[in-house]
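Chemist: Residue numbers for the sequence shown follow the UniProt record's numbering, beginning at 1 and rising by one. Backbone N, C-alpha and C fix where the C-beta goes; we use that ideal spot for every residue, glycine too.
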Amino acid sequence: MTTEETTDTKGVRLTAGDAELTVSPDNGCRIGSLRIGGTEVLRQGPRYGAFPMVPWCGRVELGRFRNGGRTHQLPVNAPPHAIHGTGRDVAWRPAATGPSSAAFTYDLADPWPYEGRVTQTFELTPDGLTATMSVETEGDSFPAQAGWHPWFLRTLEDGGEEVRLDFDAEWQEERGADHLPTGDRIPLRPGPWDDCFGMPAGVDVTLTWPRRLELKVSSRSEWVVIYDEQAEAVCVEPQSGPPNGLNTLPRLVTPIDPLEMSMTFSWRSLA
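Now the structure itself:
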């Protein structure tokens with residue numbers, strides 16, 4: 001990638017064929033817009049689009065996690081828990097941009113208690129988007145997670161039928177009254193969902209707007225949260241571990257072993 005003048009007050013705009021992606025580095029480096037054939041597929045607004053979840057995903061119980069013998073307290077931004085990391089709340093630095101690709105970084109800082117760097121990249125093609133994220137430590141090892149929280153429009157902006165959601169998970173994480181996984185794996189229950197599912201062969205979820213567009217969300221990771229409790233949008237969230245995973249399934253980032261996560265959207269027209 002080469003550095004080019006693709007940044008404006010609305011973000012960094014990438015194009016490939018009839019696909020157009022806008023990334024907003026000043027607003028948590030979220031995807032603010034994804035237009036396919038001129039049609040927007042993401043819910044619009046400063047809190048929506050598709051934002052990175054880093055250095056944790058989903059809820060952390062009471063905002064507390066342990067690393068060895070040390071207990072850390074995170075801001076409780078979804079009482080009584082901490083939710084979705086700090087990356088969506090900070091400005092990221094463009095590292096490189098080109099016509100169809102871009103990379104951004106930010107340094108981990110307070111309220112996250114460890115030093116490190118997060119890098120996010122986007123590669124757009126006429127029929128797909130690949131996003132990657134890496135978390136590196138600049139000192140002590142620490143547990144971390146990474147993922148994305150896209151808000152897909154339930155109905156496309158110019159009308160048509162509601163989106164259909166298709167996936168086949170091996171299990172569903174049982175959700176307790178506190179919205180955290182209980183630790184039990186159960187057969188899939190009917191929605192609506194705000195639930196985590198396990199896909200050991202990798203995340204594979206298809207969204208279909210009948211006679212309009214099919215979009216597949218895939219990842220090598222085995223964890224995905226599906227959230228479809230709102231009328232406006234549905235969320236398909238690939239992530240490197242389950243909610244509260246800093247406590248229940250910690251993945252250590254070490255000086256020789258960064259955390260790396262990727263996600264791909266692939267689409268085809270049904271018109």
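Can you tell me whether Thr2 is helix, strand or coil according to DSSP?
Modeler: Because Thr2 carries a pLDDT of 32, less than 50, the predicted location of this residue cannot be relied on, and the following value inherits that uncertainty. Thr2: coil per DSSP, three-state reduction.
Chemist: Kindly list the residues whose CB is nearer than 6 Å to the CB of Arg35, restricted to its own chain and excluding five residues on each side of it in sequence; keep chain order.
Modeler: Glu20
Chemist: Check whether the segment 200-216 touches the segment 150-157, counting contact only when three or more Cβ pairs, one atom from each stretch, lie closer than 8 Å.
Modeler: yes
Chemist: With burial defined as no fewer than 16 other Cβ atoms inside 10 Å of the residue's Cβ, what is the status of Leu215: buried or exposed?
Modeler: buried
Chemist: Let me know the secondary structure DSSP gives Met261 once reduced to three states.
Modeler: strand
Chemist: Based on DSSP bridge pairs, tell me the residues matched to Asp194.
Modeler: Tyr227.
Chemist: Measure the CB-CB distance between Leu14 and Trp151 and report whether it falls below 9 Å.
Modeler: no
Chemist: Report whether the distance from the Cβ of Gly198 to the nearest heavy atom of the ligand GDP is below 8 Å.
Modeler: Absence of the ligand GDP is noted for the structure shown, with no ligands found whatsoever.
Chemist: Below 9 Å between beta carbons: does that hold for Gln145 and Gln239?
Modeler: yes
Chemist: For Trp193 and Glu229, what's the separation of their Cα atoms in angstroms?
Modeler: 6 Å
Chemist: Just how far apart, CA to CA, sit Glu173 and Gly191?
Modeler: 13 Å
Chemist: Which one of Ala231, Glu232, Ile226 and Ala201 has the shortest CA to CA distance from Ser219?
Modeler: Ala201
Chemist: Could you have a look at Gly85 and say whether DSSP puts it in helix, strand or coil?
Modeler: strand
Chemist: Looking only at its own chain, which residues have a Cβ that is under 7 Å from the Cβ of His149, when we skip the five neighbours before and after it?
Modeler: Ala50, Phe51, Met53, His84, Cys235 and Glu237
Chemist: To which residues does DSSP link Ala166 through a beta bridge?
Modeler: Here residue 166 turns out to be Asp, not Ala, going by the sequence shown. BP columns for Asp166 point to Thr206.
Chemist: What are the partner residues of Ser266, as DSSP defines its beta bridges?
Modeler: Gly128 and Lys216
Chemist: Over the uninterrupted alpha helix (DSSP H) stretch that includes Thr248, give me the two end residues.
Modeler: Annotation: the continuous alpha helix (DSSP H) that includes Thr248 extends over Gly245 to Thr248.
Chemist: Beta strand (DSSP E) containing Gly32: first to last residue?
Modeler: Arg30 to Ile36
Chemist: Let me check understanding here. Comparing Cα to Cα, which of Gly32, Glu138, Gly38 and Glu222 lies closest to Ala169?
Modeler: Put simply, of Gly32, Glu138, Gly38 and Glu222 the residue whose alpha carbon is nearest the alpha carbon of Ala169 is Glu222.
Chemist: Please state if the CB of Val217 and the CB of Pro243 are separated by a distance shorter than 9 Å.
Modeler: no
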